[in-house]
Amino acid sequence: MRALLRIILLLGLALGAPAQAERIKDLGQFDGLRANQLTGYGVVVGLSGTGDDSLDYSTLGVKGAVSRFGLSLPAGINPALKNAAAVLITAELPPFAKPGQRLDVTVSAIGKAKSLRGGTLVLAPLLGAAGQIYAMSQGNLVIGGLGVDAADGSKTIVNSPTAGRIEGGATIERSVETGFASKPELIFNLTDYDLTSARLVAEEINRSLGASAARAVDGTSIRINAPAGAEARVALMSRIENLEIVPAEAPARVIVNARTGTVVINGAVRVGPAAVTHGKLTVRIDEEPQVSQPAPFSGGRTVVTPSSAIEVEEQGSPMFLLPRGARLSDIVDSVNRLGASPGDLVAILGALKQAGALRAELIVQ
50 MRALLRIILL
60 LGLALGAPAQ
70 AERIKDLGQF
80 DGLRANQLTG
90 YGVVVGLSGT
100 GDDSLDYSTL
110 GVKGAVSRFG
120 LSLPAGINPA
130 LKNAAAVLIT
140 AELPPFAKPG
150 QRLDVTVSAI
160 GKAKSLRGGT
170 LVLAPLLGAA
180 GQIYAMSQGN
190 LVIGGLGVDA
200 ADGSKTIVNS
210 PTAGRIEGGA
220 TIERSVETGF
230 ASKPELIFNL
240 TDYDLTSARL
250 VAEEINRSLG
260 ASAARAVDGT
270 SIRINAPAGA
280 EARVALMSRI
290 ENLEIVPAEA
300 PARVIVNART
310 GTVVINGAVR
320 VGPAAVTHGK
330 LTVRIDEEPQ
340 VSQPAPFSGG
350 RTVVTPSSAI
360 EVEEQGSPMF
370 LLPRGARLSD
380 IVDSVNRLGA
390 SPGDLVAILG
400 ALKQAGALRA
410 ELIVQ
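Listed below in structure tokens is the structure:
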């Protein structure tokens, strides 16, 4: 328990340490320069008996694949495809990607296939949200998982054998227009909403490029005057990305994971004046049945007489006082002295929040 609280303290002290300058490019990105998700449906063949068997999706997929070569399966016959599997293919198209470049793809089984190890993805298109084809995928899968079945029905599975990747498994056929060269202004969007950080970014750009070059329009977006032409804009964006600012301090937050008992407190958390005590009540019940044996030749019967002993033990805990403006280190030191477990810490923080003494947002996951 103390080790966990020590970790919490180190994380909080790291967040509470003096802020360091960061590049603007690490705080967000320019509008329009984003990745696009691609999805496709395909068939993996060459499996060693671990495919979908009679799943209709894979049967139709194989029929479609062979029809490209002028072949057709006899009508009314659906082969048992133990060596093939129907899969979904996903990839991410980065900004400025050009036709001919290659993408990594992830392939995942959608049916009853037990493993895709040793399989080969048959040529399949990858579509964007609008339904247009942006890439074509094909190649041999690399599977990081393993599944083994024994004759008695037992099985062992390591990671996931029904999903794998193909490095450079897709070729880009169509590029996405970013529009950054034709927009009247450049817009830089922060990854995390923060009014102060948006103001600091705008001020740093103005110091570098001149007054009124940039203005923060809300807690996320900074509008920047931009010259005409893609080449001039690329040079300007590169210059802006490498400017450095000291970001605003993060809002005070306490994150509690109720499932794992993990508690993380950042260094901005403050506690108002409060007195805390946390005791433990232990109730122990011991059953000691007694056997009553009648005297010889008395005609009585042997009976068992119940006997219970109840003991109540309360572990007294000293009350500790949190002064006004107590920081993370004060909180953790006090909880350590109290001997509270992570679960107890959650209860203490919740009570402090209800009492109005915790100056932070309490987030329970």
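Each residue of the sequence shown is one higher than the one before, starting from 50 at the first, in the working numbering.
C-beta: ideal position from N, C-alpha, C; glycine also.
* To do: Identify the continuous beta strand (DSSP E) that holds residue 274 and give its terminal residues.
  => 270 to 274
* Expected contact under 8 Å - CB spacing of residue 142 and residue 183 to nearest Å -> 6 Å
* Is it true that the segment 84 to 103 meets the segment 151 to 170, where meeting means three or more beta-carbon pairs spaced less than 8 Å apart? -> yes
* Asked: Residues in its own chain within less than 6 Å of residue 399 by CB, not counting five upstream and five downstream?
  -> none
* Asked: Is the segment 309 to 321 touching the segment 257 to 270, taking contact as three or more C-beta pairs under 8 Å?
  -> no
* Asked: Under a three-way DSSP split, which group does residue 279 fall into?
  -> helix
* What separation, rounded to the nearest whole angstrom, lies between the Cα atoms of residue 401 and residue 250? -> 36 Å
* To do: Can you give me the Cβ contacts of residue 140 inside the same chain, cut-off strictly under 6 Å, excluding the 5 residues immediately before and after it?
  => 87, 152, 154, 175, 219
* Which residue's Cα is closest to the Cα of residue 279: 192, 232, 404, 214? -> 232
* **Alpha-carbon spacing of residue 395 relative to residue 309, whole angstroms** => 12 Å
* To do: Just tell me which of 351, 295, 256 has its CA closest to the CA of residue 73.
  => 295
* **Close-in-space but distant-in-sequence residues of the same chain around residue 146 (CB under 8 Å, 5 per side omitted)** => 152, 221, 224, 225
* Asked: Given that a residue counts as buried once 16 or more other Cβ atoms are within 10 Å of its Cβ, and exposed if not, what is residue 228?
  -> exposed
* To do: Identify whether residue 411 lies in helix, strand or coil by the three-state DSSP scheme.
  => strand
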